[in-house]
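What follows is a single structure, written as structure tokens, with notes after it.
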Amino acid sequence: MRLDLVPRAGRSPFAAILAPALAFLASVLLGGVAVSLLGVSPTAAFAAYFIAPLSELWSLQEIALKAAPLALIATGLAFCYRANLWNIGAEGQFVVGGLAGGCVALATQGSAGFTFWILPTMLAAGTLAGIVYAMIPAVLKVQLGVSEILTSLMLVYVAELLLDYMARGPLRDPAGYNFPQSVAFDAAARLPYLMEGETLHAGVLVAFASVVLATIVLGRTLFGFEVRVVGASPRAARFAGFSEARLTLAAFAVSGGAAGLAGIAEVAGKIGQLQPTISPGYGFTAIIVAFLGRLSPPGILVAALVIALTTIGGEGAQIDLRLPLDLTRAFQGLLLAFVLGADVLTRFKVRLVPGGAR
Amino acid sequence: MRHSFCACLGAFLLLLGPAQAEGKLKVGFVYVGPVADYGYSFQHDLSRKALAEAMPDKVETTYLENVPEADSERAIEKLARSGMGLIFTTSFGFMEPTLKVAKKFPTVKFEHATGYKRAANVSTYSARFYEGRYVCGKIAAKLSKTGTVGYIASFPIPEVVSGINAFMLGAQSVNPNVKVKIVWVNTWFDPGKEAEAAKALLAQGADILTQHTDSAAPLQEAEKQGKLAFGQSSDQYRFAPKAQLTAIVDDWNGYVISEAKAVLDGSWKSHDTWGGIKDGLVVLAPFTNMPADVKAMAEDTVKAIAAGRTHPFAGPVTKQDGTVAVKDGETAPDPMILGMNWYVKGIDDKLPQ
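Residue numbers (numbering that gives the first Met the number 0), protein chains in the order written: chain A, 0 to 357; chain B, 0 to 352.
Written out as structure tokens, the structure reads:
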């Protein structure tokens, strides 16, 4: 007896939406079993994870703040992954973007008078740095055929250590007792808050606008078409005369730029100074988000919000119910496994074939 | 519409949520590592448990573990919003986030470990870990056969650098030619990386290890290879009964309990606490795996530091570049130790800058 996967002829749009919803339900049920094994009421846990964070203005803002960089990075990554290009280094492009934009902020620290240009320059510098950094694995792949998986991943550590060095060395606050952080940015170098006295900043709008833009580009432009064709059928793309090298560079530029922009938005928004670390792993979590969202920008937005929700809810569950953090991580892992599994089942039929192994 | 929806959810949550403890002081803790690191965060969590046991009808405690420093502001604010009256943020990197949240919640008291910025509702506290390291340095110099000690260091912040210097000065007071090899692992807690560093140091001829990272991995590596090592933050004897010489134990119990009491009786004020062996914040675990004379020397040193007869940074202290940092007959003032970014003479490493 063996199991065969047989491709389904058509794929109903209904199933495409239902599958992730069912996957979510299945993960919640399995998570509920784990919670009750830990001796906590599953309904209380469900309320702490999924309802409590949605019931307060503050936690809603925190969800948006957490989801914004994830959605932005993952949207960029979707361009790469759709085209079968494996940029694993968004974390590094995020860090480099934050660092470059932060350098602009520090260089213009204390400038008086007309300071309107500082913030846009920071965002541009961050985006550009992300693009340039992503070009390293892209060019190596195009020119020498080096695996982009390895190079982009290894460059993450280079970026992290570069930021670490800069925050401890040249960019260190001279009046800070040698502690590793820069001075706090001027107000002109900070993303403005959207509401007085609240935490939501303009970076959320930047992320949202990028998702909308990416939806249009991916669905309605020739470049988006190229990306999709190369991913779906590389041979067809070659026949159509699409240049693989050009596409590789472009897709890496998009994802690197998005990650860099997310990096500087985080630094100019939430953090407000340069520190040895500026990311709690957004660049890696975004890979999960990209696949949870099935590589479509609107899906990615939903996935980013779900991951943000479980993270914020996980903190509440830790405080109120003493549920361990590992449970949150396990749940996020379950969710990904189920969504990918459901994805396979919508595209393939499982057939039981009698007889021995092939 | 939305408001009534939120209100309904809120009411629903109140029904589901754990019973609110009326009149109890809620105390929250934020840890950078897992409570099961059996080191720094574990030790802080012991003080949380000690507090809960000491005043079970007056306080209620909770914690958030594994909070990344870049993402800590939300975690701290979440605790403040959950009705905490006193919040301990236990890692240096939580400093700015703690201050930001403290500004928003002026009635909540905050206690930040190992930082230097305070506010009306933010105190800072730390321990003079370097006193313990001085004792360890002396023990290591006495026991090392190769004359080389391996040091696994986390981040080049003053607390870690002053620890390395104190260790070296202690070691040099016994054997002026002792060598200290340093590996920077750039993490507070990563058993894999720490074990790799331990292996590398042992392979380079170190026969005693010490560490300024939070897991027991280096100690276990030493145990495996039949070498000696010091425990960190917590008494890690059970992980390495044949290797641990002693451990620099952070004992926050007394401090945490007295701060909670101060909040309860209304006498809490923002202040800075920097206590050492004398104040019971730094404790050396029982001296094991060493001959009686070394043990006696170590115990004498502990007593001398507690009594103020010995100061790890008593002059003359010479920097790596040959300039005199502390003159003969003087001791290093606290600001110098708190901002230390240079090595003492004899350390064969360049400080990451």
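Note that beta-carbon positions come from the ideal geometry of N, C-alpha and C, so glycine has one too.
Query	Result
Compare the beta carbon distance of V281 of chain B and F188 of chain B with 8 Å and say whether it is the shorter of the two.	no
Spell out whether any CB of chain A is found under 8 Å from the CB atom of D189 of chain B.	no
Work out the CA separation of G38 of chain B and D213 of chain B for me, nearest whole Å.	5 Å
Is the separation between the beta-carbon of L98 of chain A and that of N65 of chain B shorter than 8 Å?	no
DSSP three-state label for I277 of chain A, please.	coil
Taking D163 of chain A as the query, report the chain B residues whose CB atoms sit under 8 Å from its CB, ordered along the chain.	N185
Expressed to the nearest angstrom, what Euclidean distance is found between the alpha-carbon atoms of F78 of chain A and R346 of chain A?	21 Å
Mind reading off the beta-carbon distance from A74 of chain B to L63 of chain B? Whole number of angstroms is fine, and I expect it under 8 Å.	5 Å
Shortest alpha-carbon distance to V179 of chain B belongs to which of B:V160, B:R237 and B:K192?	B:V160
Tell me the residue span of the beta strand (DSSP E) that contains A152 of chain B.	T147 to A152
Leaving out the 5 sequence neighbours to the left and right, which residues in its chain are closer than 7 Å to F241 of chain A when beta-carbon positions are compared?	E225, V228 and V229
DSSP beta-bridge partners for L78 of chain B?	None, per the DSSP bridge assignment.
From what residue to what residue does the beta strand (DSSP E) around A126 of chain B run?	V121 to A126
How big is the Cα-Cα spacing for K116 of chain B and K108 of chain B?	14 Å
Can you give the Cα-Cα distance for A264 of chain A and I72 of chain A, rounded to whole angstroms?	11 Å
Give the residues of chain B in contact with E61 of chain A, contact being defined as C-beta atoms less than 7 Å apart.	R73
Count the C-beta pairs between the segment 161-173 of chain B and the segment 139-150 of chain B that are closer than 8 Å, then say yes if the count reaches three, no if not.	yes
Take A316 of chain A and list the residues in its own chain whose beta-carbon comes closer than 8 Å to its own, dropping the five residues that flank it on each side.	A44, A47, Y48, L322, L326 and T327
For L334 of chain A versus L291 of chain A, is the C-beta spacing smaller than 8 Å?	yes
Which word fits G230 of chain B, buried or exposed, when buried means at least 16 other C-beta atoms lie within 10 angstroms of its C-beta?	buried
Which two residues bound the contiguous beta strand (DSSP E) that contains I207 of chain B?	I207 to Q210
Which residues of chain A have a Cβ atom closer than 9 Å to the Cβ of D213 of chain B, listed in chain order?	Residues of chain A passing the Cβ test: none, with the nearest at roughly 16 Å.
In whole angstroms, what is the alpha-carbon distance linking S209 of chain A and F178 of chain A?	36 Å
What are the start and end residues of the alpha helix (DSSP H) that includes L308 of chain A?	P296 to L320
Do G256 of chain A and T126 of chain A have their C-beta atoms closer together than 8 Å?	yes
Kindly indicate which three-state DSSP category T345 of chain A falls into: helix, strand or coil?	helix
With a threshold of 7 Å on Cβ separation, who are the neighbours of L337 of chain B within its own chain once the five nearest residues in sequence on each side are excluded?	Y115 and P157
Looking at the secondary structure, which residues open and close the alpha helix (DSSP H) in which F41 of chain B lies?	Y39 to A53
Using a C-beta cutoff of 8 Å, does Q92 of chain A count as contacting chain B?	no
Give me the residue from A:S146, A:L69, A:E90 and A:A22 with the minimum Cα distance to I130 of chain A.	A:E90
Measuring CA to CA, which of B:T317, B:A215 and B:L218 is closest to D327 of chain B?	B:T317
Sort out for me which residues DSSP pairs I86 of chain B with in a bridge.	B:G27 and B:F109
Suppose you measure from the CA of G340 of chain A to the CA of R293 of chain A; what does that come to, to the nearest Å?	12 Å
Determine whether the Cβ of D70 of chain B lies closer than 8 Å to any Cβ atom of chain A.	yes
Taking all protein chains shown into account, do 16 or more other C-beta atoms lie within 10 angstroms of the C-beta of R219 of chain A, making it buried, or fewer, making it exposed?	exposed
Please find out if some non-hydrogen atom of the ligand ZN comes closer than 7 Å to the beta-carbon of N252 of chain B.	Absence of the ligand ZN is noted for the structure shown, with no ligands found whatsoever.
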